[in-house]
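Here's the structure we're looking at; comments come further down.
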Amino acid sequence: MRSNQLKEKYIEFFKSKKHKEISNFSLIPQNDPTVLFTTAGMHPLVPYLLGQKHPSGKRLVNVQKCLRTGDIDEVGNDIHLTFFEMLGNWGLGDYWKEDAINWSFEFLTDKKWLNLPVDRLGVSVFAGDKDSPKDEESVKIWKDNGIFEKRIAYLGKKDNWWGPAGQTGPCGPCTEMFYWAGKGDAPERFDPTDSNWIEIWNDVFMQYNKDIEGKYSELKQKNVDTGMGTERIIMILEGKNSIYETSNFVPIVEKIKQLAGFDKVNEVEEISVRKIADHVRAATFLINDGVAPSNADQGYVLRRLIRTAIRHGRILGISQKNLCGEISKEIIKIYSKNYPGLKEKRKKILDELDIEETKFEQTLEKGLKKFKEMTKNRKISGKNAFLLFQSYGFPLEIVRELAEENGVKVDVKGFERELKKHQEISRTSTKGKFGSGLADQSEEVTKLHTATHLLHSALKKVLKEDIEQRGSNITSERLRFDFNFDRKLTEEEIKKVEETINDWIKKDIVVKMDEMTISEAKKAGAIGLFEYSGKVSVYSIGKISKEICTGPHVKNTKEIGKFEIVKEKSSSAGVRRIKAILS
Ligand code: SER
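Residues in the sequence shown are numbered from -18 upward in steps of one, following the numbering used here.
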């Protein structure tokens, strides 16, 4: 089964269970200050998991593009990717374990749907601990569906608990489904440590909220949050041993092999081929969602994906210029049907990849020489790793990979200390930023959030109409807003933006939320994301601003206070960054 067919079936199945299809959101969280990427389908839904009413109702389904960097070192084995598409269904204070599990089972095993043999399935459930009891309820439902005791594994928090996405927020025990992808019949007992059992689907029962002290309390409503990686299930449905052998990946992998002039590759070369395929795919989608390579935040991740792919290209002996661009063309071809934006932004994507490749080429050889010199004593100090990063453009991953290939040790902690000293890029180094997640819904953040909408409108008014958001990050102290503009703002422009916003604030304008379909939102002139279908919330601030957004926002602009820009600088090529505070 092809990936598109699978997605259609999944949506159709959950629609038949009264779910509404919702948008596939950007890889860059629009209203979440604490994360770099959308790492799961539940991310854009956090406010609704906490109890806000969703405009499309209590049962939702979608396909969500996700990016996770936590497993980046595993990329190259059979089942790990950075970018992937997640199928998900949600019950927001609606259905619970019985429906969630029965539907998962039906979709996986029924002839009409995926028709997977029950005797190749195993499941895991939460074993219980001081925070939450053993999940006997799920066990019973699985047994009623014909899953035997020996095919049920009881695991703790590390494996069978999902969330919160950040330090605090909705979370709960989960039950995961595994498929025996090994040779022959599945063993009688399900062993989650045996890699022939592939994890395919996760049903999370979000009934707790974790607070900053690490305490769990019952959420206002019980939610179901499920997630199934398209690429893994396709691997099983197409009977392949690796994600990289499935129909969507074959043309990409073939292209890389063709550029390398290989028909066959050995095991080590295979890993390079897969890393290139994964990284260029992720890079293509990141650029499509407005990210440009840089030394900070999302831009840094993009940079390291592109540069790692280029280095693996060199390992394969590919001398082709525009290596990433050539591969990206294949990727755009494959995914344009589902993501028409890829076709529209084709030139931009290919240009960004070429520019980054040219930049890296200028320092790659010199950096490799430097690396050799540095490793005479079989060690790379934190300072030297940082020098390779700072002066030769080697992301830490490349330094680590090189070190491993040469049997040399890297002082990663030392590198991170150096990186932290450099304020601007420190945030990208730590894992927390990649794995964390909850939008803070405090009063301060809410005010700054509405101020961000005003800033967006003021920039359109003062600079030019086609200003677009390239990133937004809000803490309780300040807002940060990235937008497309190719020069420094003058002092007068900054003043004008501040004055415009403060004038609006003083006008006591009501902030209103309307629920509408995407096409109604489009007609009403709302800005935001227009992929896919479903109902959305549109926040309007008088006639000044109209944005598709999940909120929260203040009720009236007078609540915001005084707006002040404290910094204006370049964020990456063609992108400016404003930091502003309220007093
Ligand atoms: N949030 C869960 C996961 O990412 C289920 O969607 O696995």
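Backbone N, C-alpha and C define an ideal beta-carbon position, used for all residues, glycine too.
Using a Cβ-based criterion (distance less than 7 Å to any ligand heavy atom), does residue i qualify as near the ligand SER?
i           : result
residue 185 : yes
residue 206 : yes
residue 81  : no
residue 494 : no
residue 69  : yes
residue 143 : yes
residue 72  : no
residue 158 : no
residue 21  : yes
Could you give the distance in angstroms between the alpha-carbon of residue i and the alpha-carbon of residue j?
i           : j           : result
residue -8  : residue 500 : 20 Å
residue 132 : residue 16  : 36 Å
residue 124 : residue 85  : 14 Å
residue 289 : residue 374 : 11 Å
residue 223 : residue -16 : 15 Å
residue 36  : residue 67  : 22 Å
residue 283 : residue 130 : 45 Å
residue 445 : residue 552 : 19 Å
residue 522 : residue 25  : 22 Å
residue 399 : residue 383 : 20 Å
residue 80  : residue 119 : 11 Å
residue 220 : residue 255 : 19 Å
residue 161 : residue 181 : 10 Å
residue 4   : residue 135 : 35 Å
residue 238 : residue 425 : 53 Å
residue -10 : residue 264 : 28 Å
residue 394 : residue 18  : 24 Å
residue 320 : residue 486 : 38 Å
residue 548 : residue 358 : 44 Å
residue 141 : residue -3  : 28 Å
residue 150 : residue 144 : 8 Å
residue 173 : residue 163 : 13 Å
residue 121 : residue 214 : 25 Å
residue 33  : residue 327 : 37 Å
residue 22  : residue 208 : 7 Å
residue -6  : residue 541 : 45 Å
residue 322 : residue 316 : 10 Å
residue -12 : residue 153 : 26 Å
residue 325 : residue 192 : 43 Å
residue 509 : residue 449 : 9 Å
residue 558 : residue 366 : 28 Å
residue 377 : residue 370 : 7 Å
residue 197 : residue 27  : 17 Å
residue 348 : residue 49  : 28 Å
Rounded to the nearest angstrom, how far is the Cβ of residue i from that of residue j, given a contact under 8 Å?
i           : j           : result
residue 555 : residue 273 : 7 Å
residue 73  : residue 8   : About 23 Å separates the two Cβ atoms, so there is no contact after all.
residue 261 : residue 299 : 12 Å between Cβ atoms; not a contact.
residue 59  : residue 167 : Actually they do not touch by this definition, with Cβ atoms about 18 Å apart.
residue 200 : residue 187 : 7 Å
residue 535 : residue 478 : Contact doesn't hold; Cβ gap of about 19 Å is too wide.
residue 460 : residue 432 : 6 Å
residue 88  : residue 155 : Going by Cβ atoms, the distance from residue 88 to residue 155 rounds to 17 Å, so no, they are not a contact pair.
residue 297 : residue 241 : 4 Å
residue 159 : residue 104 : 7 Å
residue 93  : residue 38  : No, residue 93 and residue 38 are not in contact; Cβ-Cβ is about 25 Å, not under 8 Å.
residue 286 : residue 294 : Their Cβ separation, rounded to whole angstroms, is 13 Å, which puts residue 286 and residue 294 out of contact at 8 Å.
residue 211 : residue 65  : 7 Å
Are any of the Cβ atoms in chain D nearer than 8 Å to that of residue i?
i          : result
residue 96 : This model lacks chain D altogether; it includes just one protein chain.
Check: Where in the region 168 to 216 do unbroken runs of the beta strand (DSSP E), each at least 3 residues long, occur, reported from the N-terminal end onward?
Finding: The qualifying runs are 178 to 191, 197 to 210.
Next item on the list: Please list the segments of the alpha helix (DSSP H) lying wholly inside the region 106 to 142, counting only runs of 4 or more residues, in order along the chain.
Entry: Counting only runs of 4 or more residues that sit fully inside the region 106 to 142, the alpha helix (DSSP H) segments are 117 to 125, 138 to 141, in chain order.
Notebook entry, point to check: Could you give the uninterrupted runs of the beta strand (DSSP E) lying entirely in the region 15 to 95, keeping only those of 3 residues or more?
Noted result: Segments of the beta strand (DSSP E) lying fully in the region 15 to 95: 40 to 48, 64 to 73.
Next item on the list: Note down, one range per segment and in chain order, each alpha helix (DSSP H) of at least 4 residues found wholly within the region 245 to 276.
Entry: Counting whole runs of 4 or more residues, the region 245 to 276 contains the alpha helix (DSSP H) stretches 248 to 269.
Checklist line | Uninterrupted alpha helix (DSSP H) stretches inside the region 439 to 523 (no shorter than 4 residues) | finding: Fully contained in the region 439 to 523 are the following alpha helix (DSSP H) runs of length 4 or more, in chain order: 472 to 487, 499 to 504.
Checklist line | Whole alpha helix (DSSP H) elements within the region 324 to 411, 4-residue minimum | finding: Counting only runs of 4+ residues, the alpha helix (DSSP H) found wholly inside the region 324 to 411 occupies 327 to 355, 363 to 373, 377 to 386, 393 to 402, 404 to 410, in chain order.
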